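40 is the number of the first residue of the sequence shown in this note's numbering; add one for each residue after it. Since the structure comes first, as structure tokens, the remarks are kept for the end.
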Amino acid sequence: MTGTSHTRLRRLVSSAAAIVFAASLLVAAPASASSATIAASQAGAVTGIPQAETGIAKTANLSLFRAGNIISDASFFNSSTMSAAQIDSFFRGKVASCQSGYVCLKDYRQNTPNRPADRYCNGYSGAGNESAATIIYRVAQSCGINPQVFIVMLQKEQGLVTHTWPSSWRYDMALGQGCPDTAPCDPAYAGFFYQIYGAGRQMKIYAEGRYFTYYAPGKTWNILFHPNAACGRGPVYIENVATAALYYYTPYQPNQAALNAGYGTGDGCSSYGNRNFYQYFIDWFGSVSYDVVGGLATYWSSQGGGNGALGQPTGAMTTWPNEGWSQPFAGGDVFQKIGTTAVHSVRGAFKAEYGRVNGFRSGLGWPTSDQVGMSGGLYQDFENGRIYTKSGAAGVAIAAPMFAEHEKQRNVFGTLGWPKARAYLTADGSRQDFDGGSIFANSSGVFTLPADIVTAYDRAGGISQMGSPTSAVTSDSRGQYVSFTAGWIQRSGSALVLVKGALGKAYAALGGGSGKLGAPSGAERLLPGGGWTQSFTGGALYHSSYGTFSVTGFSAELAVLGGVDSFGYPSAEAVVDGSRSSQQFGSRTIAKATPNGGAYVVTGAIGTHYAAAGGVKSFLGAPTAKERTQGGGWIQDFEGGRILHSVYGTFGVPTPIVKVLDANGGIASRIGWPTAAPVQTSDGWRQDFSGGTLLASTDGVKSGAIVGGIMNVARSYNAFGDIGYPAEKENLTTNGWRQRFDTGTIFVPNAYAPSVVSGAVHELYVSLGGETVTGVPTGPATVIGSGRSQQFQRFGVYSNPTTGTWQSNGLIRDRYTVLGGPAGVLGWPTESLTTISGGWRQLFTGGAIYSTAGGSVYTVKGSIGGEYIRRGAEKGTLGWPVGNEALVGGLWSQKFQNGTLVLLPSGSFEVR
């Protein structure tokens, strides 16, 4: 395209082959037949197109025109620069009025068709009576092209933006789309909408670089100055995609004469399309590039400015509030951190890697140097790390915490060498690989592992099989090792032994090489039974359906028993209690009292119970004999007792209870087999058997058996905590069965219900002389509130934590019982029955009962009782009561020896 008054674009071809072929024709051999026409029309850039002169403010400095960077990619593909309303306003500002009979661009409207979406544009939904501004805006959004690009192209191709009397053919070929230099325009692209949409889509095809490669960015191309090849070519380094697209569209660069002419005419070898694009864009929209200011400008100039390694800016400077500034250039990005004067560029492979890790917002931070050459490659420093590029390869970032570790290892000059890739996340941290090994960072720390160990680790399954490293390479007596959260690698010479998978996880949990297993001494092995094992200096690990467990102190015993495929796999870790130890193997347990002592197998139901009880850590301790059968069951002796198995179940029996059992005839006696686990009391044990309950203090000083009916009563009332240890065996007395205990007595009388006498009631019962005085209890104790009462044949005993424990008997007990006892009007006794002059008396919280030697019984209670006691009771002026209270003449009164005490309506009293 030359940009003459009738500038034309080549035809848009539909197939890939045609596109490439057409491009080759356009670049390599423009048709000479058009040269004369073009040359003849070059008297002016827009000859014959009347313009509103005020529409162009000629401000572009063409000395800054750079053939390899006509417009930046950021500007060319920025579809958000103008709204439809802003485009419309722009058009109206360029043409105030249109000549009669013509439709200027500001007023142009048409019905638009639908266009399908494809890989280049998002399609178009047609509408009626759409303005030129709306069409341009919508196509810009669909195809991702700056609407200002369309506006400038409309002007440079047909002068439509400022034209005041445009003919219809100008709209039909508005952008020269489908109009080659050497043939008529393709009717399929005629019309304003098709021109705009077709050009937008064509620009995206150019930008793709799939079919059009002749002006591909990043290379130098010899580009024609004019369709007449005799005018020559000039080398142009194409810096970006947008500039390449403009050359595909108009494959000529302006010569110096065209640039010197401004909007005017150059010489016979001048072309104007790309010059005019550059000039209109700057004059109307400000810049095809961006300003460089401040410290960034100083640095840019020091690097050769636009002719240096950085090239021209490709975007505006960005201010990062409270952080700094940055600006993109064709050859890299420039950065200045706030509070500093240093400015650094990040270019080439460094720029690519810096961008991949999110720039200064990444762990690297801001650059602190430019790239520096070194043996074998380049590096560039940042606040928290470095980027390396090895012999022209891609850049690789190293940031905290890997950077400090790499530096500690002498960076690329150490054993790790050059980074192979940037760090990446693992399940519990991060990892970065180098030529000579890897750095791992996790909650345990930062560790460098050499290549041979990393290779073995990765081949074994890496983190999924061994977890993450918890140490660097560490020396030990066997060579060196690396510990992992779920594994271990041991190096002896050049040989590596790995502990991994389930075995590795268990090994790590047991402390690895510093644990009881010690260092690995062999690789893992598959056993005939389907399990896995691995040997160590201190034992072995086994993995089976039970899980993964070690065998250390029982290795020799296990071997004698035929190994795990014969005896069984371990199903738990060994239990150690001082010198004792035990370990479960399924339903079997091996246990011993000392490390070098004899071991016994505890198996079957006894073995299961022993393991569940905690093995040697239970009260049973270590076995002292093999199991034996007796009386239809099985018995095995232990240091701290026995385990007995019978139809009643399997139960451990502590030694103090065993002694009581044996003293009473053992399981063959009426005591029988245990039916429940032992209960540990504050100072001993208690255990139920099929025919009794046995009790014994820990030291064995106190013990005994409870059997028969006494046992039933004790269990029924759960009296064991109240009565203590037996003080005698059960006794048959004239009144029935009785058994005395430390703090209680159980009775099974002939004539009364069985009962337990305990606590304070029992203490008073004993102090009174026991059953010879009180008789046997006539029933269980009755709980009344916080107190208790219990009746005996000849006494009643009443105990309350507030009033104390007292007895009552004879006529007074009888009257007290009639009045409801502690639950009645008199409440709880505050003394035992007392002999006084003339008879007997007992005081209560609610009154008193008097009994004379002649057998009369009187009760003093309520308000009259209170007044009587206030007046000194029987020792006062009233003397003894001689009757009970009575209602006489509407007043309550009670007769005493020396008068009648009357309660008056006023609440006062008088003696009559």
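Note that beta-carbon positions come from the ideal geometry of N, C-alpha and C, so glycine has one too. These numbers were taken from a predicted model, which means no experiment stands behind them.
Boundaries cannot be given for isoleucine 710, as no beta strand (DSSP E) includes it and DSSP labels it neither H nor E.
Around serine 507, the same chain offers Thr465, Ala466, Asp467, Gly468, Phe479, Asn481, Ser483, Phe523, Thr524 as residues with beta carbons nearer than 8 Å, after the five sequence neighbours per side are excluded.
Per DSSP, the continuous alpha helix (DSSP H) segment holding glutamate 392 begins and ends at 387–395. Threonine 282 is a Cβ neighbour of asparagine 108, given a cutoff of 9 Å. Unbroken beta strand (DSSP E) stretches of 3 residues or longer found wholly inside the segment 808–836: 821–823, 826–830, given in chain order.
Alanine 753 counts as buried, since no fewer than 16 other beta carbons sit within 10 angstroms of its beta carbon. The segment 305–325 makes no contact with the segment 146–166; the number of CB pairs closer than 8 Å stays below 3. Closest in alpha carbon position to methionine 242, among Thr572, Thr642, Ala462, Phe189, is Phe189. Relative to the Cα of tyrosine 546, the nearest Cα in the group Ala744, Ser516, Gln504, Arg386 belongs to Gln504. Non-local C-beta neighbours of arginine 148 in its own chain, meaning closer than 8 Å and more than five positions away in sequence, comprise Asn168, Glu169, Ser170, Ala171, ordered along the chain. Spatial neighbours of tyrosine 907 in its own chain (CB-CB distance under 7 Å, excluding positions within 5 residues in sequence) are listed in chain order as Val899, Leu917, Leu940. Shown here for tryptophan 339: same chain residues with a beta carbon closer than 7 Å to its own, the five before and five after excluded, namely Val331, Leu349, Val373 in chain order. Three or more Cβ pairs closer than 8 Å define a contact, and the segment 250–258 falls short of that threshold against the segment 209–216. Residue environment: isoleucine 110 is assigned as buried (16 or more neighbouring CB atoms within 10 Å of its CB, all protein chains considered). For lysine 429, the enclosing beta strand (DSSP E) stretches over residues 424–429. By the neighbour-count criterion, in which a residue is buried when 16 or more other Cβ atoms sit within 10 angstroms of its Cβ, phenylalanine 368 is buried. In the three-state DSSP reduction, histidine 265 falls in the coil class, being neither helix nor strand.
When DSSP states are grouped into helix, strand and coil, proline 788 belongs to the strand group. Burial state of threonine 784 is buried, judged by a 10 Å Cβ sphere holding 16 or more other Cβ atoms. Per DSSP, histidine 202 lies in no alpha helix (DSSP H) segment and is marked neither H nor E.
When the five nearest sequence neighbours on each side are left out, the beta carbons in the same chain lying within less than 8 Å of the beta carbon of asparagine 117 are those of Asn185, in order along the chain. Secondary structure at threonine 304: coil, using DSSP grouped into helix, strand and coil. The criterion of a C-beta distance shorter than 9 Å is satisfied by serine 755 and proline 793.
With a cut-off of 8 Å on Cβ pairs, the segment 135–147 is not in contact with the segment 375–382, counting fewer than three such pairs. For asparagine 279, no alpha helix (DSSP H) encloses it, and the DSSP letter there is neither H nor E. Shortest Cα-Cα distance from arginine 880 to any of Gly859, Glu913, Arg909 involves Glu913. When only Cα atoms are considered, lysine 768 and methionine 750 end up about 11 Å apart. Leucine 488 is positioned such that its CB atom lies closer than 9 Å to that of valine 512. DSSP places glutamate 444 in the uninterrupted alpha helix (DSSP H) bounded by 441–447.
In the DSSP annotation of this structure, the continuous segment of the alpha helix (DSSP H) that includes phenylalanine 316 starts and ends at 312–324. The beta carbon of alanine 106 sits closer than 6 Å to those of Val275, Gln292, all from its chain and outside the five residues before and after it, given in chain order.
Judged by DSSP secondary structure, methionine 242 falls within the alpha helix (DSSP H) whose first and last residues are 231–247.
The three-state secondary structure of asparagine 299, taken from DSSP, is helix. Sequence-distant partners of arginine 314 (beyond 5 residues in either direction) whose C-beta falls short of 6 Å from its own C-beta, in its chain, are Pro293, Ala297. Bridge pairing for glutamine 778: Ile785 [DSSP]. Assignment of alpha helix (DSSP H) within the segment 630–702, counting only whole runs of 4 or more residues, yields 643–652, 694–702 in chain order.
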